[in-house]
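Residues in the sequence shown are numbered from 14 upward in steps of one, following the working numbering.
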Amino acid sequence: MKFKNLLITDIIKLKSTPVLWLHVLVPALGLMVFLSYYAVSPMDVFMKQKTYITVICVAFPILSGVITAMVAEAEDQAGNYRNLLNVYPFKWPALMSKYLVLIVLGGLSTLMAVIGFYLGMSQMTETLTIGTYFALTGILFGCSLFLYALHLFLSLRFSKSVSVGIGIFEALIVALFRTGMGDGRWAYFPCAWSIRFTWTMMTQSGKGVMIQDPMMRLGIALSIVVTILGVGLLMVWFSSWEGRKSEE
């Protein structure tokens with residue numbers, strides 16, 4: 014089966030699961046709640062924007078855990094992963110197809126959440142520039158690539174409980190590492206990349222601080238290297254995986 018056909022098949026499969034709708038309903042609901050509250054809240058405008066982005070950063074690990082667990086569970090129920098393992102002479106393209114579909118959906122969902130928020134907030138008050146919001150979207154998307162790879166591995170190798178549980182733990186790390194507790198440490202925790210990158214982008218936009226700060230440079234370098242290695246190792250592992258899975 015050609016890789017394009019694998020992509021089409023994975024997209025069709027998602028229509029019978031809540032995964033597709035989750036990527037639409039979660040950002041839509043978040044926009045409704047936050048924009049409705051911010052319309053009457055006396056909170057400082059910058060803090061409104063910072064709080065909203067923080068919530069996205071905290072929610073991302075949990076959502077990654079839940080969504081990848083749902084995808085893995087669907088493959089398990091469809092025939093103990095046979096459809097995933099027997100599609101290609103080489104196994105990894107089947108997983109790469111699924112991974113690409115998930116990150117594209119995640120990227121579109123992030124775009125909807127962030128740019129939708131900008132459009133809503135800009136009708137109420139003066140906000141950060143649209144360019145900054147697109148940069149925030151790119152940062153959130155880039156930081157999600159490793160999370161999707163990690164949670165795909167956890168969901169396939171172990172169970173949905175492990176994937177979701179690790180996602181909740183990562184969310185706690187994000188919440189803690191936005192404070193001084195994360196200083197000097199955050200770059201070594203992939204789940205914390207998004208909160209530090211986005212906060213720096215919002216507070217220092219246009220000042221070049223992300224490049225000047227040694228910790229930021231380390232974080233950027235690690236995020237690129239670890240993401241590439243993570244996705245590569247996932248594909249290598251999957252190539253020798255036979256569908257065995259630890260019981261929940």
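Where a beta carbon is used, it is the ideal one built from N, C-alpha and C, also for glycine.
* Cβ neighbour criterion (16 or more within 10 Å) applied to E255 -> Taking the first residue of the sequence shown as 1, we reach residue 255 at position 242. By the beta-carbon neighbour count (other beta carbons within 10 angstroms, threshold 16), E255 is exposed.
* Alpha-carbon spacing of L246 relative to T240, whole angstroms -> Sequence index remark: in the sequence shown, residue 246 carries index 233 (1-based). Sequence index remark: in the sequence shown, residue 240 carries index 227 (1-based). Their Cα atoms are separated by approximately 10 Å.
* Assign I69 to buried or exposed, taking buried as 16 or more other Cβ atoms, counted over all protein chains shown, within 10 Å of its Cβ. => As a position in the sequence shown, residue 69 is number 56, starting the count at 1. The C-beta of I69 has 16 or more other C-beta atoms within 10 Å across all chains shown, which makes the residue buried.
* Outcome for V238 when other beta-carbon atoms lying within 10 angstroms are tallied against a minimum of 16 -> Numbered from 1 along the sequence shown, position 225 holds the residue referred to as residue 238. Exposed: under 16 other Cβ atoms inside 10 Å.
* Excluding five sequence neighbours on each side, which residues of the same chain lie with their C-beta closer than 6 Å to the C-beta of E261? -> Taking the first residue of the sequence shown as position 1, residue 261 is located at position 248. Per-residue confidence for E261 stands at a pLDDT of 44, beneath the threshold of 50, marking its modelled position as unreliable; the derived number appears in the next sentence. Hits under 6 Å: S172 and S174.
* To do: Keeping to the same chain, check which residues put their C-beta closer than 8 Å to that of I181; ignore five residues upstream and five downstream.
  => Here residue 181 refers to the residue found at position 168 when the sequence shown is read from its first residue. Once the five neighbours on either side are set aside, the close Cβ partners of I181 are P74, I75 and G78.
* Asked: DSSP state of D23, grouped into three classes?
  -> One-based indexing of the sequence shown puts residue 23 at position 10. D23: helix per DSSP, three-state reduction.
* Can you have a look at I208 and say buried or exposed, based on whether 16 or more other CB atoms are within 10 angstroms of its CB? => By one-based count along the sequence shown, residue 208 stands at place 195. Counting every other CB atom within 10 Å of its CB across the protein chains shown gives I208 a total of 16 or more, marking it as buried.
* Stretch-stretch touch, CB-based, cutoff 8 Å, three pairs: the region 190-204 with the region 153-169 -> Judged by Cβ distances under 8 Å, the region 190-204 makes contact with the region 153-169, as three or more pairs qualify.
* **Of the residues S29, F130 and R230, the one placed nearest E88, counting alpha carbons only** => Taking the sequence shown and counting its residues from 1, the one referred to as residue 88 is at position 75. Closest by alpha carbon: S29.
* Name the residue from F166, W199, G178 and W250 whose alpha carbon lies nearest to the alpha carbon of A85. => For the purposes of this step, residue 85 is taken as residue 72 along the sequence shown, with counting starting at 1. Checked all of F166, W199, G178 and W250; the closest Cα to A85 is F166.
* Would you decide whether P106 is buried or exposed? Buried here means 16 or more other CB atoms lie within 10 Å of its CB. => Position 93 of the sequence shown, counted from the first residue, corresponds to residue 106. Buried.
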